[in-house]
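Chemist:
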Amino acid sequence: MIGAVSSRAAARPVATARLLHTAELAGLAFAAAPAIGFAASGEGYYEPSYVAGSYDAAGRFMGGTELRTLVAHGGRLYAGNGYWEDRPGPEGPQGAAILVLDAPAARWRVEHVFDERLPNGRARDSTISTLSRIPFDTDGNGARLPAPVAMLAASTWDLTGATRVFTRSDANGSWTAATLSQDPPARDFLPQIRSIFTYRDKATGLARVFAGNSPRGIFSGAYDPRVAGSIRWDAAPELGVGGNPTAGLSGPSGRLRISSFAECNGSLYAAIGQQIYQRIDGATPSWRAVYTNPRPGGHSESGLRGLTAIANPGGAGEVLLAAVEGDMARILRFDPATGSETQELDLRRFLSDAWQTQVGYVIAAYNDMAKFHDSKSGDVLLIGLEAFIPPQAPTPAGHAIVDLGHGRVEDGGWYLVRYRDAHYDLHQIAAPAGTALVATRSIVPSPFPGDSNALYFAGYDANKAPAHNTAWVIRADSSVLSVAK
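Under this note's numbering, residues 905 to 1389 are what the sequence shown spells out, in order.
1. Could you check which residue in GLN1096, GLY984, ARG1112 has the C-alpha nearest to that of GLY1044?
2. Does the separation of the CB atoms of LEU1143 and ASN1117 fall below 7 Å?
3. Between the Cα of PHE1254 and the Cα atoms of PRO1052, LYS1280, ASP1329, which residue gives the shortest distance?
4. Enumerate in chain order the residues of its own chain whose CB-to-CB distance from ALA1057 is below 6 Å, with the five nearest sequence positions on each side excluded.
5. What number of angstroms, rounded off, separates the C-alpha of SER1281 from the C-alpha of ASP1325?
6. Three or more beta-carbon pairs under 8 Å between the segment 976-985 and the segment 994-1008, yes or no?
7. Rank GLU970, PRO1008, ARG1199 by C-alpha distance to the C-alpha of TYR1360 and give the top, closest one.
8. Helix, strand or coil: how does DSSP classify ALA933 here?
9. Is the segment 1277-1292 touching the segment 1334-1345, taking contact as three or more C-beta pairs under 8 Å?
10. Which of the three DSSP states is assigned to PHE1361 in this structure?
11. Can you list the beta strand (DSSP E) stretches of 3 or more residues lying completely in the segment 995-1033, in chain order?
12. Taking PHE1276 and VAL1266 to be in contact with their CB atoms under 8 Å, please state how far apart those CB atoms are, rounded to whole angstroms.
13. Starting from the Cα of GLN1262, find the closest Cα among ARG1234, PRO1294, ASN1271, ALA1268 and give me that residue.
14. Could you have a look at VAL1342 and say whether DSSP puts it in helix, strand or coil?
15. Could you check the C-alpha separation between ASN1216 and SER1164 for me, to the nearest Å?
16. Going by DSSP, which residues form a beta bridge with ASN1117?
17. Taking the DSSP output, what are the residues bridged to TYR1181?
18. I'd like to check one pair, GLN1086 with SER1033: are the Cβ atoms closer than 7 Å?
19. In this structure, how does DSSP classify ARG922 when only helix, strand and coil are distinguished?
20. How many angstroms separate the CA atom of ASN1373 from the CA atom of ARG972?
21. Do GLY1125 and GLY1046 come within 7 Å of each other at the CB atom, strictly closer than that value?
22. Can you check DSSP and say which residues form a bridge with ASP1074?
23. Any idea what DSSP makes of PHE965, helix, strand or coil?
24. If we ignore side chains and look at the alpha-carbon of each, how far apart do GLY1221 and ASN1169 end up?
25. Looking only at DSSP bridge pairs, what is MET1055 linked to?
26. What residue range is occupied by the uninterrupted beta strand (DSSP E) comprising LEU1084?
Below is the structure:
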């Protein structure tokens, strides 16, 4: 099924929800054409782009439990594919992989597999934890490059406890690893890098890359074509987080995730647990906490996610948006100039009203909030999500539940559309019957010429439960964003 829900902040500060197209939602069925597309009246068109459990043209297996990240680079679409909680079939255990799509009508293919094996036969790298495009226009000394350089950078869940950044050479397609730190893995935790971002220091003029490393902190590096991988990383983190507060974080074991970075009003910010930090530029840079979530709730794995700069709806300059993960899930707006916070959307209440049931734990903006220019509505943000339904809550008509054993999650692929007036619409991605999408983790506009009105969605979250061939990518025309207001 597919539906749309709209929120309007009217007389009260907490956004409310109203259900649209209720007649279309009841008993909706999809006809499978040869291209296998799915649509509802007035809601545009969705079609599977990547289906896990297949082989590319070269005969290489493409599976995956979670497709965590989509990134446009060099006119192609790249995907970070992982095998967390995989229960492999005849193909055997697989290593984390980078997939690539060369054109809308092309087939996905394997671009690179991180296939180093441990003595027990397991792949050392199980999951792509982050994948980013990192551009540079200066070298590590601040000198302007003859031409700007951009490359892909990825990190993985490394079962040895190493945190490594892999950079791709566009010249030959090779991936080179740089080890930032080595920490002992634990039963419930792997050291990991969740975010990679580039930013120009406003005091020195140097373009630098930043990696959010858990448990160490924020590492920084600069472009240097003389070193392997072309990034010269500092030996120690620019910001250590070992002593930072972990209040409001129930897992994993109170360790801090650096979930995202954003540039706002010319400064760099990072979401670290339940706090936002600002970088103070200069030859000896420092970081300071500028925001602490006053209502973290009782359970949150990550804290703040999807840090994104937007135009200030109340005046000049920019402000920051972030999604609070957990049992107090909401989308908040933080103004760095005044230090003020505004709640834009109570996610649990919004989803509970929309689905006519009780919603518990919510994750929104897994990696970021995708910016897109819609021909009808102008500049919008697209925000993927996942939502848990408490055991005692009824399953609403037209919905399905995935029982994880330790919890229940709504099985659809859902996302929010945020408009410039802070109004939110809720959409569901149409999928083949019986397919559980569970979580929308990444959304990107199409990078292909002549295809600018298309969007790609990707996801699934294994949620610490066994899974196999559950990763997915779905393509849609941007007309799916059109909702009667």
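All C-beta atoms, glycine included, are put in the ideal place defined by N, C-alpha and C.
Modeler: A quick look at the data gives this:
1. By 1-based counting over the sequence shown, the position of residue 1044 is 140. Comparing Cα positions, the closest option is ARG1112.
2. Looking up residue 1143 in the sequence shown gives position 239. Looking up residue 1117 in the sequence shown gives position 213. For LEU1143 and ASN1117, no; Cβs fall outside 7 Å.
3. Here the question's residue 1254 lines up with position 350 in the sequence shown. That would be ASP1329, whose Cα lies nearest to the Cα of PHE1254.
4. Within the sequence shown, numbered from 1, the residue matching residue 1057 stands at position 153. Closer than 6 Å at the Cβ level, and outside the excluded window around ALA1057, lie SER1036, ILE1038, VAL1069, THR1071, ILE1100.
5. Stepping through the sequence shown from its first residue, residue 1281 is reached at position 377. Stepping through the sequence shown from its first residue, residue 1325 is reached at position 421. If you take the alpha carbons of SER1281 and ASP1325, they lie about 11 Å apart.
6. yes
7. Counted from its first residue, the sequence shown places residue 1360 at position 456. Closest by alpha carbon: PRO1008.
8. The residue labelled residue 933 in the question sits at position 29 within the sequence shown. Note that ALA933 scores 27 on pLDDT, short of 50, meaning its location in the model is unreliable; the coordinates nonetheless yield the value given after this. Coil at ALA933, not helix or strand.
9. yes
10. Within the sequence shown, the letter at position 457 stands for residue 1361. PHE1361 falls in the strand class under three-state DSSP.
11. 1001-1005, 1013-1017
12. As a working mapping, residue 1276 is identified with position 372 in the sequence shown. As a working mapping, residue 1266 is identified with position 362 in the sequence shown. Not quite, the Cβ-Cβ distance comes to about 22 Å (not below 8 Å), so this is no contact.
13. Within the sequence shown, residue 1262 is the residue found at index 358, counting from 1. Of the candidates ARG1234, PRO1294, ASN1271, ALA1268, the one whose C-alpha sits nearest the C-alpha of GLN1262 is PRO1294.
14. Counted from its first residue, the sequence shown places residue 1342 at position 438. Assignment of VAL1342 by DSSP, reduced to helix, strand and coil, places it in the coil class.
15. For the purposes of this step, residue 1216 is identified with residue 312 of the sequence shown, where counting begins at 1. For the purposes of this step, residue 1164 is identified with residue 260 of the sequence shown, where counting begins at 1. Rounded to the nearest angstrom, the two C-alpha atoms are 20 Å apart.
16. By 1-based counting over the sequence shown, the position of residue 1117 is 213. DSSP lists ILE1097, GLY1121 as partners of ASN1117.
17. Locating residue 1181 in the sequence shown gives position 277, where the first residue counts as 1. Residue pairing by DSSP puts TYR1181 in a beta bridge opposite ALA1174, ALA1193.
18. Indexing the sequence shown from 1 puts residue 1033 at position 129. Indexing the sequence shown from 1 puts residue 1086 at position 182. No, they are not a contact pair.
19. In the sequence shown, the residue the question calls residue 922 occupies position 18. In this prediction, ARG922 scores a pLDDT of 27, lower than 50, which makes its location untrustworthy; the coordinate-derived value is nonetheless stated afterwards. The three-state reading of DSSP puts ARG922 in strand, counting E and B together.
20. The residue you call residue 1373 lines up with position 469 of the sequence shown. The residue you call residue 972 lines up with position 68 of the sequence shown. Cα to Cα, the separation comes out at about 14 Å.
21. Here residue 1046 corresponds to residue number 142 of the sequence shown, with the count starting at 1. Here residue 1125 corresponds to residue number 221 of the sequence shown, with the count starting at 1. GLY1046 places its beta carbon 7 Å or farther from that of GLY1125.
22. Within the sequence shown, the letter at position 170 stands for residue 1074. Looking at the DSSP assignment, ASP1074 forms no beta bridge with any residue, so it has no partner.
23. As a working note, residue 965 is residue 61 in the sequence shown. PHE965: strand per DSSP, three-state reduction.
24. Residue 1221 sits at position 317 when you count from the first residue of the sequence shown. Residue 1169 sits at position 265 when you count from the first residue of the sequence shown. Cα to Cα, GLY1221 sits roughly 6 Å from ASN1169.
25. Indexing the sequence shown from 1 puts residue 1055 at position 151. The partner list for MET1055 (beta bridge, DSSP) reads ILE1038.
26. On the sequence shown, position 180 is the one that residue 1084 refers to. Per DSSP, LEU1084 belongs to the beta strand (DSSP E) from 1079-1086.
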